[in-house]
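Enquirer: Same order as they appear, the protein sequences are chains C and X. Counted from 1, the first sequence has number 179 at position 179 by the working numbering; the numbering is strictly sequential. Start counting at 1 in the second sequence, then tack on 284, and there's your number in the working numbering. Backbone N, C-alpha and C define an ideal beta-carbon position, used for all residues, glycine too.
2 protein chains.
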Amino acid sequence: MPDPKPQPRPTRIGVAAPASRLDPALAERVSALAAARYPGGAVELVFHPQCFQTSGHFAGEDAARAAAFLEIANDPAFDALWFARGGYGSCRLAEDVLPKLEPAAQAKSYLGYSDAGSLLAGLYALGFQNLAHGPMPSDIRRKGGEAAVARALAWLVERDPDALEASVGATTKTAAFNITILSHLLGTFLQPDLTGHVLMFEETEEQMYRIDRALFHITSNSGIRKAAGIRLGRCSDILPNDPEFVLGEEEIVTHWCAKSGIPYFGRADIGHDIDNKVVPFGTL
Amino acid sequence: MPDPKPQPRPTRIGVAAPASRLDPALAERVSALAAARYPGGAVELVFHPQCFQTSGHFAGEDAARAAAFLEIANDPAFDALWFARGGYGSCRLAEDVLPKLEPAAQAKSYLGYSDAGSLLAGLYALGFQNLAHGPMPSDIRRKGGEAAVARALAWLVERDPDALEASVGATTKTAAFNITILSHLLGTFLQPDLTGHVLMFEETEEQMYRIDRALFHITSNSGIRKAAGIRLGRCSDILPNDPEFVLGEEEIVTHWCAKSGIPYFGRADIGHDIDNKVVPFGTL
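1. I'd like to check one pair, Met420 (chain X) with Phe367 (chain X): are the Cβ atoms closer than 8 Å?
2. Using the beta-carbon count (16 or more within 10 Å), is Arg92 (chain C) buried or exposed?
3. Does any residue of chain X bring its CB to less than 8 Å from the CB of Ser220 (chain C)?
4. With DSSP run on the structure shown, which of helix, strand or coil describes Gln53 (chain C)?
5. According to a CB-to-CB cut-off of less than 8 Å, which residues of the segment 238-262 of chain C neighbour chain X?
6. Write down every uninterrupted run of the alpha helix (DSSP H) in the segment 102-131 of chain C whose length is 4 residues or greater and which is fully enclosed by it, in chain order.
7. What are the residues in the segment 482-493 of chain X lying within 7 Å of chain C by C-beta distance?
8. Cα separation between Gly276 (chain X) and Ala498 (chain X)?
9. Jot down the residue ranges of each uninterrupted beta strand (DSSP E) in the segment 402-488 of chain X, minimum 3 residues, whole runs only, in chain order.
10. With Lys277 (chain C) and Ala150 (chain C) assumed to form a contact (beta carbons below 8 Å), what rounded beta-carbon distance in angstroms separates them?
11. On the DSSP bridge list, what partners appear for Trp366 (chain X)?
12. Does Leu120 (chain C) get closer than 8 Å to chain X when you measure Cβ to Cβ?
13. Three-state secondary structure (DSSP) at Glu328 (chain X)?
14. What are the residues of the segment 88-115 of chain C that lie near chain X, defined by any Cβ-Cβ distance shorter than 7 Å?
15. Is the CB of Ser183 (chain C) under 8 Å away from at least one CB in chain X?
16. From X:Met492, X:Leu568, X:Ala348, X:Gly406, pick the residue whose C-alpha is nearest to that of Ile463 (chain X); which is it?
17. Taking the continuous alpha helix (DSSP H) assigned at Leu70 (chain C), which residues delimit it?
18. For a test of the three-state rule: what should DSSP assign to Arg509 (chain X), helix, strand or coil?
19. Please name the residue or residues paired with Phe58 (chain C) in a DSSP beta bridge.
20. Anything in chain X within Cβ reach of Leu186 (chain C), meaning under 7 Å, just list it in chain order.
21. Taking CB distances under 8 Å as the criterion, tell me whether His272 (chain C) reaches chain X.
22. Under the DSSP definition of a beta bridge, which residues are partnered with Cys254 (chain X)?
23. Give a yes or no on whether the minimum CB-CB distance between His217 (chain C) and chain X is below 8 Å.
24. Relative to the C-alpha of Ala357 (chain X), which candidate in X:Lys392, X:Glu379, X:Asp346 has its C-alpha closest?
25. Is it buried or exposed for Leu232 (chain C), if we count other Cβ within 10 angstroms and need 16 for buried?
26. Check whether the segment 505-513 of chain X touches the segment 93-105 of chain C, taking contact to mean three or more Cβ pairs, one atom from each stretch, closer than 8 Å.
27. From the DSSP output, in three-state form, read off Phe500 (chain X) for me.
28. Tell me the DSSP bridge mates of Pro280 (chain C)?
29. Between Gly64 (chain C) and chain X, is any beta-carbon pair separated by less than 8 Å?
30. Just the chain C side, please: which residues come within less than 8 Å of Gly340 (chain X) by C-beta, in chain order?
31. For Ala27 (chain C), which residues of its own chain have a beta-carbon under 7 Å away from its beta-carbon, when the five flanking residues on both sides are left out?
32. Note down the Cα distance separating Gly40 (chain C) from Leu199 (chain C), rounded to an integer number of angstroms.
33. Tell me whether Tyr548 (chain X), by its Cβ, gets closer than 7 Å to a heavy atom of the ligand GDP.
34. Along the chain, where does the alpha helix (DSSP H) that runs through Arg313 (chain X) open and close?
35. Below 7 Å on C-beta distance, what does Arg497 (chain X) contact in chain C?
36. Alpha carbons only, please: which of X:Gly373, X:Leu407, X:Gly428 is nearest the one belonging to Ala348 (chain X)?
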């Protein structure tokens, strides 16, 4: 009798929630989707129990969220750390978590967006190579959200080029951020060197005057002025502005690009929605 | 017949609105109050017509607001430039206005708060000496707002020590900011050197999670970490947070002070209200 064919080692993805809590029912749906797309145990998706904790606004206290993040990041058995969802809270962990990352953390992939951008930025500032802005498990709550989650898995498991934002190329440095999150890390230890990068920005549930103010802030930073250019993703569910702001999001970005001398390269296919594509930090 | 007694030169105060529009009826009330308190033409209060312009969200287009600010700032006949009101828009002028300031601008007093903090910060970064955080003409709209406006005039005209926030002393360096405004100028050309300063912060109409995030940002900046300490003014009209943030504003500030090693010195008597006291930038 021949030896059984050796199974390829499964891709092990750990999920942590450094910001807001994930609904366990959503985690089950994501696990089912992963099992259906990658049958035979080819993908092991492990939701850290911390994802489902509650402490006020957050998925558990700062210490619990930091510990869960470090457990997954520093465990060499995991290939990737996937941010469960955004909300708010990642920045509260950053100064504790970043100095405790071990070599196993550097070897790992990271995927998330929105509030997760605080930690992605800090990891990039530390020289981590496998970071990307893209869908999270919580996106399955959106109508048609399975497509976003499948895209994230295709990136994490297969490095599927179809998951990528269309302007991402082999030689162009890129990075992507939520506008408000990037604004709130400028001038801190979380700010990475983005010289020569094409920066893609997206936003949701903000008033236009806030987007304008954040883009003043971002484009007035001397580090950001060394970027190769800016692309604008989708700004969704804009909140009312009183008085009416008049300018739309693309007029705002082109205004600040012109003022700051940063080239504007057009739109990017990212945002708080199911079409949100993957944007790696750095080159592919 | 004896010569008439020489009249002292009047204090001339120019008002500009680099952010949102001022209601002309409020300007009339402020002028009447100034005339009543300083009779015989001892104070000349000049509202630049730009204060009453409208362009979308703003008191006129960027160019009109910048021109009015420069007209008053660079005119040696004015002793002070008083910011008409906050809202949003000062940061949009900063990079155009600051390089065009002439020696007459440096000799002048400036008073305002909230959105005006963007320009006050930029002026302080340029080495201007007579800047203060305090009430504006628009404060007359508040119930009992005459007290705030009278306090501002007492500072601008008489340098009345009773106008000052109680912890302001002759030798302590101080500065005061709206939390969101300070956050949005960190890491830009507007950020002044605040080494050794007691920093006083206030906020209005924000959600607690935003205040927490902005205080992460502020206290994580290496320049701010050189401050002597932080005092917390009032955080008024806090908007609902979903889920409930649990922590109050003083718990948030003490959290971030402890994390960052910046001493917390207690409360400050400033805020978006009629009790808002004057805080000079630098020493008295």
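Expert: A quick look at the data gives this:
1. Yes; because the gap between Cβ atoms is below 8 Å, this pair is in contact.
2. Counting Cβ neighbours within 10 Å, Arg92 (chain C) comes out buried, since at least 16 surround it.
3. So, interface residue.
4. It is coil, neither helix nor strand.
5. Residues Asn241, Pro243, Glu244, Phe245, Val246, Leu247, Lys259.
6. Here the runs fully enclosed are 103-106, 117-125.
7. Residues passing the 7 Å Cβ filter: Tyr493.
8. The shown model of chain X, from 285 to 568, leaves out residue 276 (chain X), and the question about it has no answer.
9. The segment 402-488 of chain X contains these whole beta strand (DSSP E) runs: 415-417, 458-462, 482-488.
10. About 13 Å separates the two Cβ atoms, so there is no contact after all.
11. Looking at the DSSP assignment, Trp366 (chain X) forms a beta bridge with X:Val299, X:Leu395.
12. Proximity of Leu120 (chain C) to chain X, defined by a Cβ-Cβ separation below 8 Å, is not satisfied.
13. Per DSSP, reduced to three states, the secondary structure at Glu328 (chain X) is strand.
14. Hits within the stretch, in order: Tyr88, Cys91, Arg92, Glu95.
15. For Ser183 (chain C), the nearest beta carbon of chain X is closer than 8 Å to its own beta carbon.
16. If we check each option's Cα against that of Ile463 (chain X), X:Met492 comes out closest.
17. Run containing Leu70 (chain C): 62-73, per the alpha helix (DSSP H) assignment.
18. DSSP places Arg509 (chain X) in helix when its eight states are reduced to three.
19. As computed with DSSP, Phe58 (chain C) is found in a beta bridge with C:Ser55.
20. Residues of chain X passing the Cβ test: Leu470, Gly471.
21. Judged by the 8 Å Cβ criterion, His272 (chain C) is not in contact with chain X.
22. Look at the range of chain X in this structure, 285 to 568, and you will see that residue 254 (chain X) is not part of it.
23. Contact of His217 (chain C) with chain X is assigned, a C-beta pair being separated by under 8 Å.
24. For Ala357 (chain X), the nearest C-alpha among the options comes from X:Lys392.
25. Leu232 (chain C) is classed as buried because its beta carbon has at least 16 other beta carbons within 10 Å across all chains shown.
26. Between the segment 505-513 of chain X and the segment 93-105 of chain C there are fewer than three inter-stretch CB-CB distances shorter than 8 Å, so the stretches are not counted as touching.
27. If DSSP states are grouped into helix, strand and coil, Phe500 (chain X) belongs with the helices.
28. In the DSSP output, where bridge partners are listed per residue, Pro280 (chain C) has C:Ala132.
29. The identity of residue 64 (chain C) in the sequence shown is Ala, whereas the question assumes Gly. Not an interface residue.
30. Near Gly340 (chain X) (Cβ distances below 8 Å), the residues of chain C are Pro243, Glu244, Phe245, Val246, Leu247.
31. So the list reads Phe47, Cys51, Pro137, once near-sequence residues are dropped.
32. Between Gly40 (chain C) and Leu199 (chain C), the alpha-carbon positions lie close to 38 Å from each other.
33. Only the bare structure without any ligand can be found here, which leaves the ligand GDP out of the picture.
34. Counted as a single uninterrupted DSSP element, the alpha helix (DSSP H) harbouring Arg313 (chain X) occupies residues 308-321.
35. In chain order: Tyr88, Cys91, His184.
36. Of X:Gly373, X:Leu407, X:Gly428, the residue nearest in Cα terms is X:Gly373.
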